[in-house]
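Since the structure comes first, as structure tokens, the remarks are kept for the end.
Numbering (my numbering), first residue to last: 1079 to 1199.
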């Protein structure tokens, strides 16, 4: 999707990308699946930061809301944890345009899983 990771630390992940033709649906606006994919990506990266090398995460539920149509420009997404538990986490993401207007939001519920011995993230 052309996403660039700006920051990835425990408790905060920021990414940005420039809207291109590959992001648009037939009516010329960013496809909702792109926003859902960005929410999943930002939140998954955030959940992976700070867990041990013997664990990983998998998405269990992605709820994304599309608030404003976007046709072009640079978009930025920020993800932060809402809840960090022993076996599940809930993260929230906000996507804004270059003017700082909120264009989409989402929440991702993730399950922390143990990796088989010898496997790394």
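Even glycine gets a Cβ: it sits at the ideal position worked out from N, Cα and C.
Cβ-Cβ distance between residue 1176 and residue 1120 below 9 Å: Their beta carbons are not under 9 Å apart, which means residue 1176 does not touch residue 1120 by this criterion.
Three-state secondary structure (DSSP) of residue 1111: Under the three-state reduction of DSSP output, residue 1111 falls in the helix class.
Inside the segment 1084–1131 only - alpha helix (DSSP H) runs reaching at least 4 residues: 1110–1126, all fully within the segment 1084–1131.
Residue 1157 - DSSP class collapsed to helix/strand/coil: DSSP, reduced to helix, strand and coil, places residue 1157 within a strand of the structure shown.
Proximity winner among 1112, 1162, 1131, relative to residue 1089 (alpha-carbon distances): Here the closest residue by C-alpha is 1162.
Nonlocal neighbours in the same chain, by C-beta distance under 8 Å from residue 1113, ignoring five residues either side: Counting only Cβ-Cβ distances below 8 Å, and skipping sequence neighbours, we find 1142, 1144, 1173, 1181, 1182, 1184.
Host beta strand (DSSP E) of residue 1150 (start-end): Where residue 1150 is concerned, there is no enclosing beta strand (DSSP E), given that its DSSP letter is neither H nor E.
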